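*Asks:* Sharing a structure with you now.
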Amino acid sequence: WLGYVWVCLAENPPSFEESVIADVVARLGDVESIERYDVESLEVGRRIVYDVRANWKLIIENFMECYHCAT
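Here you go:
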């Protein structure tokens, strides 16, 4: 779905509809809210590569700072 590979390593995984689709509907109201963006057709518009004089974990932690803000 959406061009992604969805993997669940649980011994008895829930159905895709019960887990992923249900979560999308609970948060967005319907799957069309995300499908209309045609995610599988997106392309990288620009890529910037640069060196940072820091431990990679510091950069990732700073980037992920607000990962759980919505919960």
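With our numbering applied, the sequence shown corresponds to residues 878 to 948, in that order. Yeah, the Cβ is synthetic: ideal placement off N, Cα and C, and Gly gets one too. Owing to the predicted nature of the structure, the values given are computational and were not obtained by experimental measurement.
Thinking just about the alpha-carbon of each residue, which of ILE936, GLU909 and ALA931 is nearest to the one in TRP878?
*Replies:* By 1-based counting over the sequence shown, the position of residue 878 is 1. The residue with the shortest Cα to Cα distance from TRP878 is GLU909.
*Asks:* Below 8 Å on the Cβ atoms is my contact criterion, and I expect ILE936 with VAL929 to pass it. Report the Cβ-Cβ distance as a whole number of Å.
*Replies:* Here residue 936 corresponds to residue number 59 of the sequence shown, with the count starting at 1. Here residue 929 corresponds to residue number 52 of the sequence shown, with the count starting at 1. Confirmed, about 6 Å.
*Asks:* Can you tell me whether GLU942 is helix, strand or coil according to DSSP?
*Replies:* The residue labelled residue 942 in the question sits at position 65 within the sequence shown. DSSP places GLU942 in coil when its eight states are reduced to three.
*Asks:* Measuring alpha carbon to alpha carbon, tell me which residue in TYR881, GLY880 and SER896 is nearest ALA887.
*Replies:* For the purposes of this step, residue 887 is identified with residue 10 of the sequence shown, where counting begins at 1. Of the candidates TYR881, GLY880 and SER896, the one whose C-alpha sits nearest the C-alpha of ALA887 is SER896.
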